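*Asks:*
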Amino acid sequence: MKICKKCGAVNKDENNFCNCCGAPEFSEAPADMQAPQPAMPVPPVPAPMPAFFKKPDFTWFDVFTIFSFVASIIGCFVIGLILDPIALAAGIAGFTKGKRNRALAIAAIVIAAISLLIRLFITLHENGVIPEWVITGAFDS
Ligand SMILES: [Zn+2]
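In my numbering, the protein residues as written are 82 to 222.
1) Helix or strand or just coil, what does DSSP make of Lys93?
2) With a threshold of 7 Å (Cβ to nearest heavy atom), would Ala112 be considered close to ligand 1?
3) Going by DSSP in three states, Phe158 sits in which element: helix, strand or coil?
4) Mind checking Leu169: buried by the 16 CB within 10 Å criterion, or exposed?
5) Is the region 151-168 close to the region 103-114, with three or more CB pairs under 8 Å?
6) Give a yes or no on whether the C-beta atoms belonging to Lys180 and Thr140 are separated by under 8 Å.
7) Could you check if Phe98 is buried or exposed, using at least 16 other CB atoms within 10 Å of its CB as the buried criterion?
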């Protein structure tokens with residue numbers, strides 16, 4: 082086998098002119114073209130497991146999420162003005178950085194925010210900052 086110098090077509094050794102472009106000049110074909118080797122069978126590579134099948138690694142931010150949820154529940158009943166901001170911060174950290182339990186983090190953020198707002202309004206009202214009519218609602222007689 083030989084290679085046409087002009088167009089690179091593979092020609093038989095007995096050809097005087099390229100069977101593709103008709104040029105008379107040839108170069109030796111590389112050794113691997115002279116005797117084509119059968120392709121080595123490539124062992125199949127096992128496909129990597131799709132991401133949604135394996136649970137992401139447990140991180141400290143997931144601990145934040147669980148802590149945040151517990152703190153937001155406790156904050157509904159006692160020392161909410163202290164626990165709720167902590168639960169809010171931990172819940173936001175757990176939601177943005179943690180890979181698991183994001184729904185739990187959202188629940189903690191919502192519970193803590195509502196609880197904190199209610200506590201805040203009641204505290205401000207008790208100290209005379211907010212007038213009575215602001216905190217009265219549908220079920221007040
Ligand atoms: Zn040629």
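The C-beta atom is built at its ideal place from N, Cα and C for all residues, glycine as well.
This one's a predicted model, so the numbers in the text were calculated from it and none came from an experiment.
*Replies:* With the given structure in hand:
1) Counting from one through the sequence shown, the residue named residue 93 turns up at place 12. The three-state reading of DSSP puts Lys93 in coil, since its state is none of H, G, I, E or B.
2) Stepping through the sequence shown from its first residue, residue 112 is reached at position 31. No - ligand 1 has no heavy atom lying nearer than 7 Å to the Cβ of Ala112.
3) Numbered from its first residue, the sequence shown carries residue 158 at position 77. In this structure, DSSP gives Phe158 a state outside helix and strand, which the three-state scheme calls coil.
4) Numbered from 1 along the sequence shown, position 88 holds the residue referred to as residue 169. That one is buried.
5) Verdict: no, contact absent.
6) On the sequence shown, residue 180 is found 99 positions in, with the first residue counted as 1. On the sequence shown, residue 140 is found 59 positions in, with the first residue counted as 1. For Lys180 and Thr140, yes; Cβs fall inside 8 Å.
7) Looking up residue 98 in the sequence shown gives position 17. By the Cβ neighbour-count rule, Phe98 is exposed, with fewer than 16 other Cβ atoms within 10 Å of its own.
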